[in-house]
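So the sequence shown is residues 48 to 303, counted in our numbering.
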Amino acid sequence: MGLTDDKTMVNGDTPKELDKNGRRTKAAEEILSTEVSYCNGLDLLVEHFIQPMKIYGILSMDEIDVIFSNIESLHGLSKEMVSKLKLRLENWEVESTIIGDVLVEMFSYLKMFKPYFDSRSAANQLRIRYEKSNDRFRNFLSRVNCGQTLDSLLLMPIQRIPRYQLLLKELVKRTEPEHPDFENLTEALAKAQETATDLNEHIRQIENESKIFEIINMFPNDDLDLIISDSNNSPKMKPSRKLNPNFHVLFPVMTS
């Protein structure tokens with residue numbers, strides 16, 4: 048007879064149970080690993096962009112506030128979440144360790160994302176304008192060597208809220224209702240879903256503007272007059288500078 052009998056492992060877990068527990072462990076580890084990556088991205092924003100801009104006066108404090116909003120507060124929140132999750136996962140026992148209480152506590156601060164979302168339209172307009180017209184700002188960006196662009200780093204908080212929702216759905220799916228963490232995880236998921244719903248309109252607007260800015264960057268030496276049409280094909284004027292009276296870029300705003 049081998050090490051197993053009737054498909055039961057030495058520790059009493061069947062292969063099916065081991066697979067289930069492995070999936071739950073993987074889901075929990077992914078929450079931590081993606082939070083570490085997100086936190087590292089915010090580290091880059093603070094250390095390579097915000098702090099040098101303040102020290103060397105690349106932009107005024109008001110301009111820095113417009114572009115970066117409350118990134119430093121979001122960075123602090125993420126660092127705290129990483130620290131608390133690491134403590135739990137270092138002593139992980141799939142059947143007994145809980146992390147839902149940490150997530151419920153941390154997700155009660157998700158409202159801190161709203162000022163950042165609210166600021167993105169003005170931030171994008173200022174950043175794009177300065178990349179075209181402010182030599183000092185443009186030269187500073189060209190010298191930063193951190194492996195990622197300012198644009199991609201500024202998108203990270205926008206992408207994080209939907210990511211929380213997906214990660215929590217997976218962990219709840221892999222957690223049995225009788226598990227001591229199930230109730231807290233369900234509450235944390237509800238908080239993530241509520242925040243995502245509140246911010247969805249902001250996300251759509253930001254995604255649309257990002258597409259528009261991609262078009263602008265295709266014409267780095269030109270000024271474009273953008274006319275944005277909504278889902279009802281009703282034209283809306285987007286503030287910008289004209290290339291000429293007869294040249295426009297039409298771009299549909301997708302809504303759902």
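All C-beta atoms, glycine included, are put in the ideal place defined by N, C-alpha and C. Everything numeric in this text was worked out from a predicted model, so none of it was measured.
Proximity below 8 Å, CB of residue i to CB of residue j
| i | j | result |
| --- | --- | --- |
| Asp228 | Ile146 | yes |
| Leu89 | Ser125 | yes |
| Glu234 | Leu173 | no |
| Val191 | His122 | no |
| Leu132 | Leu213 | no |
| Lys238 | Phe115 | no |
| Phe307 | Leu215 | This structure cannot settle anything about residue 307, because the visible part of the chain is limited to 48 through 303. |
| Glu76 | Val129 | no |
| Ala74 | Arg221 | yes |
| Asn231 | Asp112 | no |
| Tyr103 | Met203 | no |
| Thr208 | Ala243 | Sequence check: residue 208 is Ile here, not Thr. For Ile208 and Ala243, yes; Cβs fall inside 8 Å. |
Distance cut-off 7 Å: residue i Cβ against heavy atoms of the ligand GDP
| i | result |
| --- | --- |
| Thr244 | Absence of the ligand GDP is noted for the structure shown, with no ligands found whatsoever. |
Residues of its chain near residue i, where Cβ-Cβ distance is below 7 Å and the 5 sequence neighbours each way are ignored
| i | result |
| --- | --- |
| Leu200 | Gly88, Leu91 and Leu92 |
| Thr193 | In the sequence as presented, Thr is not what sits at residue 193; that position holds Cys. Closer than 7 Å at the Cβ level, and outside the excluded window around Cys193, lie Leu91 and His95. |
Where the alpha helix (DSSP H) containing residue i begins and where it ends
| i | result |
| --- | --- |
| Ser122 | Reading off the sequence shown, one finds His at residue 122, where the question assumed Ser. Here the alpha helix (DSSP H) through His122 covers Ile118 to Glu137. |
| Asp228 | Asp228 -> no alpha helix (DSSP H), and no H or E assigned at all. |
| Leu215 | Met203 to Lys220 |
| Glu110 | Met108 to Phe115 |
| Gly147 | Gly147 to Phe154 |
| Asn171 | Phe160 to Ser180 |
| Pro99 | Gln98 to Tyr103 |
Simplified DSSP state of residue i, which is helix, strand or coil
| i | result |
| --- | --- |
| Asp66 | helix |
| Cys193 | coil |
| Thr244 | helix |
| Val141 | coil |
| Glu223 | coil |
| Ile274 | Confidence at Ile274 is low in this model, with a pLDDT of 46, below 50, so the placement of that residue is unreliable and no value is reported for it. |
| Lys285 | Low local confidence applies: a pLDDT of 45 at Lys285 is under 50, so the model's placement there is unreliable, with the coordinate-based value given in what follows. Coil, per DSSP. |
Beta-carbon proximity list for residue i, same chain, < 8 Å, skipping 5 on both sides
| i | result |
| --- | --- |
| Ile105 | Pro99, Arg183, Phe184 and Phe187 |
| Ser120 | Met159 |
| Glu127 | Met153 |
| Arg71 | Val141, Leu218, Arg221 and Thr222 |
| Met108 | Lys101 |
| Trp139 | Thr72 and Ala75 |
Sequence-distant residues of its chain with Cβ nearer than 6 Å to residue i (five each side left out)
| i | result |
| --- | --- |
| Leu319 | Any property of residue 319 remains undetermined from this structure, which presents the chain solely from 48 to 303. |
| Asn279 | With a pLDDT of 43 at Asn279, under the threshold of 50, the modelled position of that residue is not reliable, and the figure given next carries that caveat. Hits under 6 Å: none found. |
| Leu134 | none |
| His157 | The residue you asked about is not His; residue 157 is Leu in the sequence shown. Hits under 6 Å: Thr242. |
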